[in-house]
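Please read the structure below before turning to the comments.
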Amino acid sequence: MKEKRSLSIYNSLSGKKEPFVPLHEGHVGLYVCGPTLYSEPHMGNMRTFINFDFIYRCLRHLGYQVKYVRNITDAGHITNSAGQEIDSIGSAARLEQVQSLEIVYKYNVKFQELQRLYNLLPPTIEPTATAHIQEQIEAIELILEKGFAYVENGSVYFDVQAYSKSFHYGTLSGRKIDELAQETRALNAQDEKRFFADFALWKKANPEDMQVWRSPWGNGNPGWHIECTAMSTKYLGKQFDIHGGGMDLKFPHHEDEIAQNCGAFGCNPARYWMHANMLNVNGQKMSKSFGNFFLPKELVEGTSPLFKKAYSAPAVRFFMLQAHYRSTLDITDEALSASEKGFERLLEGLSLVGGLSPGTQSTIDIYPVIAAAEAAICDDFNAPLLIASLFDAVKHVHAIQDGKATLNAEDLAALTQFFTTMVQGVLGIETPAKEENHRLAGVMDVVLHLRQNAREQKDWTTSDLIRDGLAKAGIQVKDSKDGTSWH
RNA sequence: GGUCUCGUGGCCGAGCGGCUAGGCACCGGUCUGCAAAACCGUAUACUCCGGUUCGAAUCCGGACGAGACCUCCA
Numbered sequence: 007m008k009e010k011r012s013l014s015i016y017n018s019l020s021g022k023k024e025p026f027v028p029l030h031e032g033h034v035g036l037y038v039c040g041p042t043l044y045s046e047p048h049m050g051n052m053r054t055f056i057n058f059d060f061i062y063r064c065l066r067h068l069g070y071q072v073k074y075v076r077n078i079t080d081a082g083h084i085t086n087s088a089g090q091e092i093d094s095i096g097s098a099a100r101l102e103q104v105q106s107l108e109i110v111y112k113y114n115v116k117f118q119e120l121q122r123l124y125n126l127l128p129p130t131i132e133p134t135a136t137a138h139i140q141e142q143i144e145a146i147e148l149i150l151e152k153g154f155a156y157v158e159n160g161s162v163y164f165d166v167q168a169y170s171k172s173f174h175y176g177t178l179s180g181r182k183i184d185e186l187a188q189e190t191r192a193l194n195a196q197d198e199k200r201f202f203a204d205f206a207l208w209k210k211a212n213p214e215d216m217q218v219w220r221s222p223w224g225n226g227n228p229g230w231h232i233e234c235t236a237m238s239t240k241y242l243g244k245q246f247d248i249h250g251g252g253m254d255l256k257f258p259h260h261e262d263e264i265a266q267n268c269g270a271f272g273c274n275p276a277r278y279w280m281h282a283n284m285l286n287v288n289g290q291k292m293s294k295s296f297g298n299f300f301l302p303k304e305l306v307e308g309t310s311p312l313f314k315k316a317y318s319a320p321a322v323r324f325f326m327l328q329a330h331y332r333s334t335l336d337i338t339d340e341a342l343s344a345s346e347k348g349f350e351r352l353l354e355g356l357s358l359v360g361g362l363s364p365g366t367q368s369t370i371d372i373y374p375v376i377a378a379a380e381a382a383i384c385d386d387f388n389a390p391l392l393i394a395s396l397f398d399a400v401k402h403v404h405a406i407q408d409g410k411a412t413l414n415a416e417d418l419a420a421l422t423q424f425f426t427t428m429v430q431g432v433l434g435i436e437t438p439a440k441e442e443n444h445r446l447a448g449v450m451d452v453v454l455h456l457r458q459n460a461r462e463q464k465d466w467t468t469s470d471l472i473r474d475g476l477a478k479a480g481i482q483v484k485d486s487k488d489g490t491s492w493h
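Counting in the numbering used here, the first sequence runs from 7 upward without gaps.
Written as structure tokens, this is what we have:
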């Protein structure tokens with residue numbers, strides 16, 4: 007009996023929130039630009055994937071059947087927009103003195119580990135670029151047939167000038183070609199391109215290239231943008247509902263993807279473009295080139311010099327979702343530890359709600375809270391607002407726990423269902439499994455029993471000695487009405 | 001230089017024309033042998049200057065400041 011709600015999504019194409027209308031009722035085609043496997047994904051990369059994982063979960067929660075395609079780039083991007091040729095994976099391979107495939111395999115394993123660590127649902131399909139060379143070649147052929155590309159010395163370039171006669175180049179980024187011409191930084195001697203804004207669809211192989219594929223134009227490598235066009239078309243069609251990715255991909259990558267798709271099929275690949283904002287460190291984008299990045303692993307292990315302690319993956323995920331996906335988020339030790347406390351409070355609420363007993367009648371109305379949460383999801387996937395409503399629910403849970411309020415069986419079931427669905431299903435936060443150390447637990451039972459005896463005899467010296475001693479050992483004792491616990 | 005985004009209380013971070021965001025910290029309270037923990041509660045805000053409006057953090061213009069993109073980037 008899920009209420010039909012109208013979802014609205016901020017569309018980067020229009021710069022506005024728009025009501026979401028899927029191409030096929032009840033179904034959503036979602037394509038997200040995934041990682042390039044030339045290094046271990048850093049925390050900034052993970053923020054984008056966490057955000058889109060949340061969006062994916064929201065769409066499913068709203069009852070949509072979602073086909074979620076997230077590509078894996080395992081072919082080095084060959085670009086020459088600045089007259090330079092960069093094969094990221096090949097470079098990494100040379101640096102590590104191994105073959106390209108080893109690089110790709112190594113970092114793919116790491117990425118899969120991170121997906122599990124941060125509780126990312128597996129996409130419906132995770133296609134790789136190297137497994138779709140044929141599709142990329144076919145897409146390039148189609149663009150050539152339509153007259154929006156040209157072959158030059160074994161390479162194929164997208165012809166932006168020809169394209170501009172039929173389509174508007176710059177719909178997504180708002181860039182204008184003549185402005186671009188002036189803005190483009192000093193270039194090296196122009197190469198085979200006819201026009202500065204042209205970009206490579208296929209690049210002729212260099213002698214030192216490790217990965218090379220055959221094509222109608224000779225041996226070479228696919229261009230940076232064409233894999234997304236080829237794979238999104240294959241798995242989602244010429245046009246689908248939502249295309250997502252990091253903000254930094256908006257230009258030129260997504261702009262060129264649009265040009266390719268329009269050039270090949272006459273339509274924008276996606277009706278809604280969504281861009282996740284950057285993770286900042288000290289107010290600046292986390293980036294390989296700034297050197298201010300850290301790895302997800304370092305955060306979980308507490309080995310990054312930026313942070314005083316370790317933060318669990320669910321806590322980090324929660325921290326990320328406390329900011330809206332379209333806002334930049336500055337990650338600092340202070341912000342993270344503040345968020346962690348709230349995170350624990352939420353988990354406490356989650357564990358309490360299951361143990362509550364129903365009353366004969368309800369003295370509080372929980373449905374406004376549930377409605378607020380659903381509305382937050384529908385308002386451009388507003389995770390922070392959703393979390394705020396969950397904290398309202400936590401207050402209700404405590405009130406019931408303290409006997410200050412009651413819920414009848416039906417309402418209590420609704421609250422419990424709501425809480426677990428939102429925290430685990432939608433936010434994707436799994437309670438971290440408590441590490442059970444039976445021997446320590448046995449020792450603690452004895453120690454706390456001794457302390458309890460001392461307390462009953464008002465032997466405060468002994469009881470405080472035990473308490474302070476445990477504190478030094480990193481164990482905190484918590485006294486409450488129901489007894490003493492520790493962690 | 002061009003294009004765009006953003007400036008919210010001690011910190012993080014929502015809201016985007018009128019109605020308490022939320023979390024953390026602070027302060028007060030309950031509990032406690034004292035603490036801690038836990039729970040409850042109060043307070044503090046919208047960079048500046050103009051304009052529109054009965055009414056603006058919220059819309060428009062300007063100033064200042066920050067960031068992103070224009071080059072590989074999630």
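Glycine residues also receive a C-beta, built at the ideal position from the N, C-alpha and C atoms.
If you're wondering where the values come from, they're calculated on a predicted model, not measured in any experiment.
- In the structure shown, Thr-239 falls within a helical segment according to DSSP collapsed to helix, strand and coil.
- The Cβ-Cβ distance between Phe-60 and Gly-434 falls below 8 Å.
- Taking the C-beta atoms as reference points, Tyr-331 is found no nearer than 8 Å to Asn-17.
- Relative to Leu-126, the option among Arg-323, Ser-161, Met-428 and Cys-384 whose CA is nearest is Arg-323.
- Boundaries of the beta strand (DSSP E) harbouring Gln-71: 71 to 76, taken from the DSSP string.
- Comparing C-alpha distances from Gly-297 to each of Asn-286, Ala-344 and Pro-222 shows the shortest one belongs to Asn-286.
- In the three-state reduction of the DSSP assignment, Arg-277 falls in the strand class, which pools E and B.
- With respect to the 8 Å criterion, Pro-25 and Ser-45 are not classified as neighbours on the basis of their beta carbons.
- Straight through space, the alpha carbons of Gln-121 and Pro-128 are spaced by roughly 8 Å.
- A straight-line Cα-Cα distance of about 20 Å links Asn-159 and Ile-139.
- In this structure Val-483 does not touch Phe-425 by the C-beta definition: roughly 29 Å separates them, more than the 8 Å allowed.
- Around the beta carbon of Ala-377, a 10 Å sphere encloses fewer than 16 other beta carbons of the protein chains shown; the residue is thus reported as exposed.
- Contact annotation: Phe-164 and Asp-262 have beta-carbon atoms nearer than 8 Å.
- Taking 8 Å as the cut-off, the beta carbon of Asn-274 is found closer than this to the beta carbon of Asn-267.
- The shortest C-alpha to C-alpha distance from Ala-187 to any of Glu-198, Leu-178 and Gln-167 is the one to Gln-167.
- About 6 Å separates the CB atoms of Ser-179 and Lys-256; that is less than 8 Å, so the two are in contact.
- Nearest to Cys-234 by C-alpha distance, out of Ser-172, Thr-134, Glu-151 and Thr-177, is Thr-134.
- One Cα belongs to Tyr-169, the other to Leu-301, and the distance between them is close to 41 Å.
- When rounded, the separation of the alpha-carbon atoms in Asn-225 and Lys-116 is 31 Å.
- Looking only at Leu-327, Ile-406, Asp-417 and Gly-176, the smallest Cα-Cα distance to Ala-382 is reached by Leu-327.
- According to DSSP, His-30 shares a beta bridge with His-33.
- For Asp-385, there are no CB contacts under 6 Å within the same chain when 5 residues up- and downstream are skipped.
- Gln-367 is the residue among Trp-223, Gln-367 and Gln-142 whose C-alpha sits nearest the C-alpha of Asp-417.
- For Ser-161, the pairing in a beta bridge is given by DSSP as Glu-158.
- Per DSSP, the beta bridge partners of Val-38 are Arg-76 and Gly-250.
- Counting C-beta atoms within 10 angstroms of its own C-beta, Asp-371 has fewer than 16 neighbours from the protein chains shown and is therefore classed as exposed.
- When the five nearest sequence neighbours on each side are left out, the beta carbons in the same chain lying within less than 7 Å of the beta carbon of Gly-289 are those of Asp-336, in order along the chain.
- Look at Phe-296 here: in three-state DSSP terms it is coil, with no helix or strand label.
- Per DSSP, the unbroken beta strand (DSSP E) holding Ser-491 starts and ends at 489 to 492.
- Between Ser-94 and Thr-42, the C-beta spacing is below 8 Å.
- Setting aside the 5 residues that flank it on each side, Ala-203 is surrounded in the same chain by Val-166, Ile-183 and Leu-186, each with a C-beta closer than 7 Å to its C-beta; the list follows chain order.
- Per DSSP, Glu-24 is one residue of the beta strand (DSSP E) stretching across 22 to 25.
- Where Asp-474 is concerned, the enclosing alpha helix (DSSP H) starts and stops at 466 to 478.
- Counting the other CB atoms within 10 Å of its CB gives His-30 a total below 16, which places it among the exposed residues.
- In this model, Glu-350 and Ala-477 are separated by some 20 Å (Cα to Cα).
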